Amino acid sequence: MEEGEEVVSDKTLLIEDLYVNVQKEETLAISKNLCHENGVSAETDSDRTSGDDGRLESDDNDPIHPQIPGWFAEHSPLWPGQAHFMKVEKILFQGKSQYQSMMVFQSSAYGKVFVLDGALQLTEKDECAYQEMITHLPLCSLPNPQKVLLIGGGDGGILREISRHSSVLHIDICEIDMMLIDVYKEFFPDIAIGYEDSRVNLHVMDGSKFLTSAQRGTYDAIIVDAFDPIWQGHEIFEGSFLKLVREALRPGGIMCIQAESLWFPSLSIPKLIANCRHIFKGSVSYAWTLVPSYPSGTIGFMLCSTEEPCDVDFTHPINPIDNVDANNHHGVARGPLNFYNSEVHSAAFCLPSFAIARNDD
Numbered sequence: 020m021e022e023g024e025e026v027v028s029d030k031t032l033l034i035e036d037l038y039v040n041v042q043k044e045e046t047l048a049i050s051k052n053l054c055h056e057n058g059v060s061a062e063t064d065s066d067r068t069s070g071d072d073g074r075l076e077s078d079d080n081d082p083i084h085p086q087i088p089g090w091f092a093e094h095s096p097l098w099p100g101q102a103h104f105m106k107v108e109k110i111l112f113q114g115k116s117q118y119q120s121m122m123v124f125q126s127s128a129y130g131k132v133f134v135l136d137g138a139l140q141l142t143e144k145d146e147c148a149y150q151e152m153i154t155h156l157p158l159c160s161l162p163n164p165q166k167v168l169l170i171g172g173g174d175g176g177i178l179r180e181i182s183r184h185s186s187v188l189h190i191d192i193c194e195i196d197m198m199l200i201d202v203y204k205e206f207f208p209d210i211a212i213g214y215e216d217s218r219v220n221l222h223v224m225d226g227s228k229f230l231t232s233a234q235r236g237t238y239d240a241i242i243v244d245a246f247d248p249i250w251q252g253h254e255i256f257e258g259s260f261l262k263l264v265r266e267a268l269r270p271g272g273i274m275c276i277q278a279e280s281l282w283f284p285s286l287s288i289p290k291l292i293a294n295c296r297h298i299f300k301g302s303v304s305y306a307w308t309l310v311p312s313y314p315s316g317t318i319g320f321m322l323c324s325t326e327e328p329c330d331v332d333f334t335h336p337i338n339p340i341d342n343v344d345a346n347n348h349h350g351v352a353r354g355p356l357n358f359y360n361s362e363v364h365s366a367a368f369c370l371p372s373f374a375i376a377r378n379d380d
């Protein structure tokens, strides 16, 4: 155990033997013999019950494709007529917390991959594109960010990127699932390294409840990586969550939230834009970036500022960090930026013609 690491009493990860002991309502044990001769299990913990021996029993909803053994398959009615496949070399972890199912596997092309409730969350190969953009788009648009709140982002990658900003004095993170944090620390240490920053304060609780009790005008920036805004009817679209975020921001503060890909016209981006403009009153912009492992290969972000003291020009970073060298500040990150720079920052707000037309509707 690393010095300063939090001891979690209700769960123990024995990764070397691929066993999981979750001392909550039940014990789930996953042994090495889940893997077939090619190192790939056809079983997952999603939508399964635990057998008498503690092993998770498979069913027809397995994310390892039943007709193409050894391949992870991700598909959804949100992007009909297509599926995303990834070659699995070996399943490293499967487990279920009180909130969600998790799987970690070694892929042949993207390094280690984390899957949550059957949906791909990140890969070692391209996580930098998402983590760096959702962090530095807002923080580089502020002249001197000092206090930052992260809602979700339990993998620690956004914390890692926030740590690059030496002006930041205090970082709060709300993550509801402690088991998720532990799994990331064990299997993705270069991402979860963000928790090693002494400025980080972890709150294991629901982000909405944390915002309800937060003092008004507290944060310079709030980054939301807690849920998919693509699902219609989620509380984010009702405006209550966004209002809590606005109230927790100081005048001129910025929120950045994942906003999905413009390539999916049936999704809720126009509604999110309209809600943000109505609630925040200040500057509102949509940005996008390339993440090859995500559906459509792209992902978007909404950036919103409160209306005072002045509008924010998100397209031109006023607090650039891409001119650092090996001797400069990288926070707890193990090296310089891999994806973000000032040119990429500005280009992220350049939208294709079809997206401009849709957003103007």
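Going by our numbering, 250 is the number at position 231 of the sequence shown; the sequence numbering is gapless.
Every residue, glycine too, gets a C-beta built ideally from N, C-alpha and C.
The structure presented is a predicted model; accordingly, all values stated were derived computationally and were not measured.
If distances are taken between C-alpha atoms only, which option among the options comes closest to residue i?
i: GLN381; options: LEU263, ASP216, ASP225 and GLU215; result: Residue numbering for the chain in the displayed model covers 20 to 380; residue 381 lies beyond these limits and cannot be assessed.
i: GLY130; options: ILE200, LYS106, GLN165 and HIS297; result: LYS106
i: MET137; options: VAL167, VAL202 and GLU93; result: It should be pointed out that residue 137 corresponds to Gly in this sequence rather than to Met. Considering only alpha carbons, the answer is GLU93.
i: HIS155; options: ASN338, VAL303, PHE104 and SER217; result: ASN338
i: ILE276; options: SER365, VAL243, ALA374 and LEU111; result: VAL243
i: PRO371; options: TYR313, GLN150 and GLY319; result: GLY319
i: LYS228; options: ARG218, PHE206, TYR203 and ILE195; result: ILE195
i: THR308; options: CYS369, HIS222, ALA211 and ILE298; result: CYS369
i: MET198; options: LEU158, GLN113, MET274 and ILE375; result: GLN113
i: ASN220; options: THR142, HIS189, ASN294 and ILE210; result: HIS189
i: LYS300; options: PRO289, ILE273 and ALA278; result: ILE273
i: SER302; options: ASP330, PRO355 and ILE87; result: ASP330
i: TYR118; options: ILE200, TRP90 and GLU327; result: ILE200
i: GLY173; options: LEU161, ILE212 and PRO162; result: ILE212
Determine the DSSP secondary structure at residue i, reduced to helix, strand or coil.
i: ARG269; result: strand
i: LEU221; result: strand
i: GLY176; result: helix
i: ILE87; result: coil
i: GLN117; result: coil
i: ASP244; result: strand
i: PHE373; result: helix
i: GLY213; result: helix
i: PRO203; result: Reading off the sequence, residue 203 comes out as Tyr, not Pro. Correct three-state label for TYR203: helix.
i: SER227; result: helix
i: SER302; result: strand
i: ALA443; result: A question about residue 443 goes unanswered here, because the residues of the chain that appear run from 20 up to 380.
i: LEU281; result: coil
i: ASN360; result: coil
i: ASN294; result: helix
i: CYS147; result: helix
i: PRO208; result: helix
i: THR154; result: helix
i: ILE288; result: helix
i: LEU188; result: coil
i: LEU263; result: helix
i: PRO355; result: coil
i: GLU45; result: With a pLDDT of 28 at GLU45, under the threshold of 50, the modelled position of this residue cannot be trusted; read the value that follows with caution. In the structure shown, GLU45 sits in coil (DSSP, three-state: anything other than H, G, I, E or B).
i: ILE337; result: coil
So, at 7 Å on beta carbons, what are the nonlocal neighbours of residue i in its own chain, with the 5 sequence-adjacent residues on each side left out?
i: ARG183; result: ILE340, HIS348, HIS349, GLY350 and ALA352
i: PHE283; result: LEU97, TRP98 and SER315
i: GLN140; result: PHE133 and VAL134
i: VAL421; result: Because residue 421 is not part of the residues shown, which for the chain are 20 to 380, the question remains open.
i: MET224; result: CYS193 and ILE195
i: LEU230; result: LEU263, VAL264 and ALA267
i: TYR359; result: GLU151, MET152, HIS155 and ASP341
Given residue i, which residues of its chain have a CB within under 6 Å of its CB, disregarding the five upstream and five downstream residues?
i: HIS55; result: Note that HIS55 scores a pLDDT of 31, beneath 50, so its modelled location is shaky and nothing firm can be said.
i: LEU388; result: For the chain, the structure presents residues 20 to 380; residue 388 sits outside this window and is missing.
i: ILE170; result: CYS193, GLY226, VAL243 and ALA245
i: LYS144; result: TYR129 and GLY130
i: GLU180; result: GLN150, GLU151 and THR154
i: ALA102; result: ALA92 and HIS94
i: ASN357; result: CYS147
i: PHE373; result: none
Which one or two residues does DSSP pair with residue i in a beta bridge?
i: GLU8; result: Residue 8 falls outside the range modelled here, since the chain spans only 20 to 380, and no answer is possible.
i: TRP307; result: GLY319
i: PHE133; result: VAL123 and LEU141
i: CYS193; result: ILE170 and HIS222
i: PHE112; result: VAL123
i: ILE276; result: VAL243 and MET321
i: TYR238; result: LEU268
Contact defined as beta carbons within less than 8 Å: I believe residue i pairs with residue j. What is the distance between those atoms, to the nearest angstrom?
i: GLY271; j: SER324; result: 6 Å
i: GLY176; j: TYR214; result: Incorrect: roughly 11 Å between the Cβ atoms, too far for contact.
i: ARG269; j: TYR238; result: 7 Å
i: LEU111; j: PHE260; result: Actually they are not in contact, since the Cβ atoms of LEU111 and PHE260 sit about 34 Å apart, beyond 8 Å.
i: TYR203; j: VAL310; result: 18 Å between Cβ atoms; not a contact.
i: SER126; j: GLU108; result: 6 Å
i: THR334; j: SER312; result: The Cβ separation is near 27 Å, so there is no contact.
i: LEU322; j: SER304; result: 5 Å
i: LEU178; j: ASP216; result: 6 Å
Just to confirm my understanding: we take residue i, look at its own chain, exclude 5 residues before and 5 after, and list those with CB closer than 8 Å. What are they?
i: THR317; result: SER280, LEU281, TRP282, TRP307, THR308, LEU309 and VAL310
Compute every distance between the C-beta of residue i and the non-hydrogen atoms of the ligand ATP, then say whether any falls below 7 Å.
i: VAL187; result: With respect to the ligand ATP, the structure shown offers nothing to examine, as it has no ligands at all.
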